[in-house]
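Report on the following structure.
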Amino acid sequence: MKELKGKSEIRNSKSEIQIPPVTYDPALIESAVRRRVDAASDNDSAWIASYRAELDDIYDQPEYGREAAFAALDRRFFQRIGIPTVVDECLAEREASLAAASSVTIIAARSRAEEGVDVTRDGRMVLRCRPESFAPVEEFRANLRRELIQAADCFDPSFGHAPELLDNMMPSEKERIRAALSGMWASSAEGRLQTGEAGGRRTFPEMFDLCRAQLGSQAVAAGICDLCRFPSEDIIQVSELSPGVRAALKAEFPDLRDDSPVCVRCKERTETSQGETR
Ligand SMILES: [Zn+2]
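Last residue of the sequence shown? That's 289 in the working numbering, and every number before it is there in order.
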């Protein structure tokens, strides 16, 4: 990401916010401008004509300078589309929290699912966005405002942002919890955006615990016990029991097979009753 720096920092001259200037992925800028040109209606004919005229001028130049000239042209038209202005306005709304960011980068997302904001432990803020999400611009602004509430959460110590809580989970469980957590967090941000209030905000660890209670492995039964018929997360097979417990159970339940699932509670009950009769 470092190589993007210097090439594509865009900050409106009027802007005096204390947040680092935004570094845009040049490929995202190019793709956004091309999309805008392709989608332009007759109302934009002057806009398109001036873009095409400048493009032709560049083709008349010597080849060695063209790449830089194309990039500069795209940057100017990207500003004319108004994206950097919207980004700066949205950042300014959250300046109190986001001034703590060490850098702000906007890169291309490959899918809608990939879109969103990340804040690294060293305070780098990375927004992932598809070029098609820049239009309509007011929709882009609404999504960005919600994402920046979440970014601001990350810079607020009382929120307790701790994505490492997910680190030691099983992959399938981790994905389930991550998806639920990001949905819960986004709707909390949306709620705060609508009401303008921060009241009742759940901390990151609180949301994590809620999602895990609903969807974590503890909440998902591993199987149904053949003896008590209750679902349990702690299931073992009859073949894994000690020979004494296995024999006692088979005497009591002749249909029990070696691969029958048995819950730990039933296993312990049998062990206890065995100990009593011995
Ligand atoms: Zn049982």
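For every residue, glycine included, the Cβ atom is placed at its ideal position computed from N, Cα and C.
For Gly-207 and Arg-189, the rounded distance between their alpha carbons: On the sequence shown, residue 189 is found 178 positions in, with the first residue counted as 1. On the sequence shown, residue 207 is found 196 positions in, with the first residue counted as 1. If you take the alpha carbons of Arg-189 and Gly-207, they lie about 26 Å apart.
Supposed contact pair Val-115 and Thr-34 - C-beta distance, whole angstroms, cut 8 Å: For the purposes of this step, residue 34 is taken as residue 23 along the sequence shown, with counting starting at 1. For the purposes of this step, residue 115 is taken as residue 104 along the sequence shown, with counting starting at 1. The pair is a contact, with the Cβ atoms about 7 Å apart (cut-off 8 Å).
Assigned exposure category for Ser-199 - 16 Cβ within 10 Å defines buried: The residue labelled residue 199 in the question sits at position 188 within the sequence shown. By the 10 Å Cβ count, Ser-199 comes out buried.
Of the listed residues Asn-154, Pro-142, Arg-187, nearest to Leu-102 (C-alpha basis): If you number the sequence shown from 1, residue 102 lands on position 91. Leu-102 has its Cα closest to that of Asn-154, out of Asn-154, Pro-142, Arg-187.
CB contact check: Phe-88 to chain D, cutoff 8 Å: Protein chain content of the structure displayed is limited to a single chain, and chain D is not contained in it.
Nearest-angstrom Cα separation, counted from Gln-225 out to Lys-16: Taking the sequence shown and counting its residues from 1, the one referred to as residue 16 is at position 5. Taking the sequence shown and counting its residues from 1, the one referred to as residue 225 is at position 214. For Lys-16, the predicted structure reports a pLDDT of 42, less than 50, and the residue's modelled location is therefore unreliable. The matter cannot be settled from this model.
Residue nearest to Ala-64 in terms of C-alpha spacing, selected from Ala-262, Ala-112, Phe-88, Ile-235: For this step, residue 64 is matched to residue 53 along the sequence shown. Nearest C-alpha to Ala-64: Phe-88.
Assigned exposure category for Ile-30 - 16 Cβ within 10 Å defines buried: For this step, residue 30 is matched to residue 19 along the sequence shown. Burial call: buried.
Beta-carbon contacts of Glu-126 that lie in its chain and below 7 Å, excluding the five residues immediately before and after: For this step, residue 126 is matched to residue 115 along the sequence shown. Within the same chain, Glu-126 has close Cβ partners Ala-120, Arg-139, Cys-140, Arg-141, Ser-144.
Rounded straight-line distance, which links the Cα of Ser-271 to that of Gly-234: Within the sequence shown, the letter at position 223 stands for residue 234. Within the sequence shown, the letter at position 260 stands for residue 271. The alpha-carbon atoms of Gly-234 and Ser-271 are separated by roughly 10 Å.
Which listed residue (Ile-160, Asp-164, Pro-32, Ala-111) has its alpha carbon closest to that of Asp-99: Working through the sequence shown from its first residue, we reach residue 99 at position 88. Taking only the C-alpha atoms, the option nearest Asp-99 is Pro-32.
Euclidean distance between Cα positions of Cys-277 and Leu-192: Position 266 of the sequence shown holds residue 277. Position 181 of the sequence shown holds residue 192. Taking the straight line from one Cα to the other gives about 35 Å.
Endpoints, the alpha helix (DSSP H) within which Met-218 is located: Against the sequence shown, residue 218 aligns to sequence position 207. Run containing Met-218: 215-226, per the alpha helix (DSSP H) assignment.
Whole-angstrom C-beta distance between Ala-111 and Gly-134, which should lie under 8 Å: Residue numbering aside, residue 134 sits at position 123 when the sequence shown is read from its first letter. Residue numbering aside, residue 111 sits at position 100 when the sequence shown is read from its first letter. Yes, they are in contact, since the Cβ atoms of Gly-134 and Ala-111 sit about 6 Å apart, within 8 Å.
C-alpha distance - Thr-281 paired with Glu-217, whole-angstrom precision: If you number the sequence shown from 1, residue 281 lands on position 270. If you number the sequence shown from 1, residue 217 lands on position 206. The straight-line gap from Cα to Cα measures roughly 39 Å.
heavy atom of ligand 1 below 7 Å from Leu-260 C-beta: To locate residue 260, count along the sequence shown from 1; it is residue 249. The answer is no for Leu-260.
Secondary structure of Asp-129, DSSP reduced to three states: In the sequence shown, counting from the first residue as 1, residue 129 sits at position 118. If DSSP states are grouped into helix, strand and coil, Asp-129 belongs with the strands.
Beta-bridge partners of Cys-140, as assigned by DSSP: Position 129 of the sequence shown holds residue 140. DSSP output for Cys-140 lists Ala-119 as bridge partner(s).
Minimum length 4: unbroken alpha helix (DSSP H) runs contained in the stretch 171-213: 182-206
Contact belief for Arg-157 with Ala-197 at Cβ below 8 Å, rounded distance in angstroms: Within the sequence shown, residue 157 is the residue found at index 146, counting from 1. Within the sequence shown, residue 197 is the residue found at index 186, counting from 1. Indeed, because the Cβ distance is near 7 Å, the residues count as touching under 8 Å.
beta-carbon Leu-138 near ligand 1 non-hydrogen atom, thresh 7 Å: Sequence index remark: in the sequence shown, residue 138 carries index 127 (1-based). Every heavy atom of ligand 1 is 7 Å or more from the Cβ of Leu-138, so no.
C-alpha distance - Met-181 paired with Ser-61, whole-angstrom precision: Taking the first residue of the sequence shown as position 1, residue 181 is located at position 170. Taking the first residue of the sequence shown as position 1, residue 61 is located at position 50. Each residue's Cα considered, the two are about 55 Å apart.
C-alpha gap between Cys-236 and Ala-259, whole angstroms: Along the sequence shown, one-based indexing puts residue 236 at 225. Along the sequence shown, one-based indexing puts residue 259 at 248. In a straight line, the C-alpha of Cys-236 is about 17 Å away from that of Ala-259.
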